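1 is the number of the first residue of the sequence shown in the UniProt record's numbering; add one for each residue after it.
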Amino acid sequence: MSEKEEKRSSKKAESNFVANSKELDGVPDLSMLVYLEMPHVTQRTKKVLLLFHYYYVQKVININYHIFFVLFIYFQKKQVAVNPYERLPIYGQDVIDEFHEASKQGKLPQGRPHPYGVSARSYMRLVQRRCNQSIIVCGESGAGKVCFVYLFFF
């Protein structure tokens, strides 16, 4: 099968999937989708990426330090991260304080997928259940796993 034929058959297969309703467009957790096939995941990821890009580009005027912006989406207790190679300040002290205060109260900010949320949840479980916690970070070479892990140390 030629490359063009593969692309056509791939697009044809994607068009056979049933779309999720418009109400589910803004969900931060992929497990909330009714239909969860790869085209749904990629479509949802693209939508969130565009929303984040629009929001932060509108709000950020001057960036004195650079941090790689990473898009986060939850899938139940797992976090999916996509690096769109943009430098945006979403790891400031105010965000750290928000997650730290919430974890001390035994809750997390709702609808805010973020590495600080992963580490805050782990800390909460450590305190509540009094048992060791593990965080597994996996991905392809050069995907930003090490940078992602550095974010856990807040």
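Just so it is clear, CB atoms sit at the ideal spot from N, CA and C, and this is done for glycine as well. On a predicted model such as this, the values are computed, not experimentally measured, just so you know.
Under DSSP, ASP94 forms no beta bridge with any residue.
If you draw a straight line from the Cα of GLY144 to the Cα of ARG121, it comes to about 21 Å. In this structure, TYR116 lies near ILE96, with their beta-carbon atoms less than 8 Å apart. In this structure TYR150 is exposed. Its beta-carbon is surrounded by fewer than 16 other beta-carbon atoms within 10 angstroms. When the Cα atoms are used, MET32 and VAL41 turn out to be separated by approximately 11 Å. Taken atom to atom, the span from the alpha-carbon of GLU37 to that of VAL146 is near 29 Å. The Cβ neighbour count for ARG129, taken over all protein chains shown within 10 Å, is under 16; the residue is labelled exposed. Per the coordinates, the alpha-carbon of TYR91 lies some 16 Å from the alpha-carbon of LEU108.
Apart from the 5 residues on each side of it in sequence, GLY139 sits with its Cβ closer than 6 Å to the Cβ of LYS145 in its chain, given in chain order. The beta carbon of LEU126 sits closer than 7 Å to the beta carbons of GLN133 from its chain, once the five residues preceding and following it are set aside; these are given in chain order. Going by C-alpha positions, GLU101 is about 11 Å away from ASP94. Straight through space, the alpha carbons of ASP29 and TYR35 are spaced by roughly 13 Å.
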